[in-house]
Amino acid sequence: MWKTIFISLFFILLSLVMSSILIDRWICLKTAHHIYEKIQFLPTRSVGLVMGTAKYYRTGVINQFYQYRLQGALQLYKSGKIKYLLLSGDNAQPSYNEPRTMKRDFIASGVFPQDIILDYAGFRTLDSIVRTHKVFNTNNFIIITQRFHCERALFIALYFGIQAACYAVPSPKKMLLTRLREVLARINLITDLYIFDRQPRFLGPLIRITTTSDTTKKHLPKNSNFRIQTDQTKQRQYNLIDAKLHKPQ
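Numbering (our numbering), first residue to last: 591 to 839.
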């Protein structure tokens with residue numbers, strides 16, 4: 591009896607593991623042709639969607655996922671690959687506001703405020719992608735995030751018929767735990783799309799992305815630094831200047 595139970599559990603577990611691997615590979619292969627790691631090969635689009643995340647870890651150390659995403663978005667903006675930055679993130683609590691935090695850092699780095707649009711309802715990747723299309727009325731945009739996140743975001747875009755591309759920015763070196771969580775997130779994504787037909791938590795009225803800064807953007811200094819705004823104590827601790835952010839990996 592126990593042997594039968596053990597064998598049954600083993601095959602159930604094996605099936606779950608194999609299914610997880612197949613789903614993970616499927617998402618990777620389906621989105622590979624829409625991901626770019628070099629700016630020169632990236633298509634030019636009007637809107638760059640920056641995926642929000644926490645600025646700091648709980649330990650108070652700067653979040654490198656956040657750091658690299660903002661650095662990559664600024665590079666695209668300065669090079670003319672994108673005109674506007676749509677900052678999408680969580681704003682569920684008064685003390686936690688991902689879009690506003692990103693906006694402050696971008697402005698400090700030389701981005702024109704009128705080229706920044708905030709999406710406060712980007713609670714999940716699905717919300718951010720679908721809202722960019724349905725609320726902000728754009729079907730051709732560049733997603734800016736790490737490669738593993740590009741794959742999941744693009745899979746959502748392709749499912750909804752959205753013609754997005756993704757600029758894959760660097761990832762932190764220690765990625766094992768993050769990668770394992772990503773496998774679970776992809777399983778959850780498949781159930782959201784193909785079983786529950788999940789939609790964004792909030793949509794809302796149409797918002798057209800327009801700006802008056804196109805004629806002045808050419809005056810943005812080419813060597814403008816990317817800086818993360820921190821309080822004085824953390825600024826001394828991290829000293830996040832442009833030279834450090836562009837240090838070869």
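Virtual Cβ for every residue (Gly too), placed ideally from N, Cα, C.
- An exposed status is given to Q630, since fewer than 16 other beta-carbon atoms sit within 10 Å of its beta-carbon.
- With respect to the C-alpha of M692, the residue from Y646, K724, L612 and P760 having the closest C-alpha is Y646.
- Under the rule that a run must span 4 or more residues, the alpha helix (DSSP H) segments found entirely inside the segment 667 to 700 read 688 to 698.
- Per the coordinates, the alpha-carbon of K620 lies some 11 angstroms from the alpha-carbon of C740.
- Taking a cut-off of 8 angstroms on C-beta distances, the segment 767 to 777 does not touch the segment 667 to 679, as fewer than three cross pairs fall below it.
- Within the segment 749 to 773, no run of alpha helix (DSSP H) at least 4 residues long lies entirely inside it.
- Straight through space, the alpha carbons of L783 and A754 are spaced by roughly 18 angstroms.
- Taking A682 as the centre and dropping the five residues before and after it, the same chain places the C-beta of F713 closer than 8 angstroms to its C-beta, in chain order.
- V720 is not a Cβ neighbour of I797, given a cutoff of 8 angstroms.
- Annotation for G794: V725 place their beta carbon closer than 7 angstroms to its own, counting only its chain and skipping 5 residues before and after.
- Annotated as distal: Y710 and I732, with beta-carbon spacing of 8 angstroms or more.
- Counting C-beta atoms within 10 angstroms of its own C-beta, L599 has fewer than 16 neighbours from the protein chains shown and is therefore classed as exposed.
- By the Cβ-count criterion, I595 is exposed, with fewer than 16 other Cβ atoms from all chains shown falling within 10 Å of its own Cβ.
- Secondary structure at I785: coil, using DSSP grouped into helix, strand and coil.
- For A743 against M591, the beta-carbon gap comes to about 47 angstroms, at or over 8 angstroms, which does not count as contact.
- Beta bridge pairing from DSSP links G712 with no other residue.
- Spanning the alpha carbons of L606 and F738 requires a straight line of approximately 21 angstroms.
- Taking the C-beta atoms as reference points, P689 is found no nearer than 8 angstroms to I697.
- Annotation: the continuous beta strand (DSSP E) that includes T735 extends over F731 to Q736.
- In the structure shown, L639 adopts extended strand secondary structure according to DSSP, grouped into three states.
- Here Y658 is buried. Its C-beta has 16 or more other C-beta atoms within 10 Å.
- The continuous alpha helix (DSSP H) containing I611 extends over residues W592 to T621.
- With 16 or more other CB atoms across the displayed protein chains lying within 10 angstroms of its CB, Q736 is buried.
- Assigned with DSSP and collapsed to three states, Y647 falls in coil, not helix or strand.
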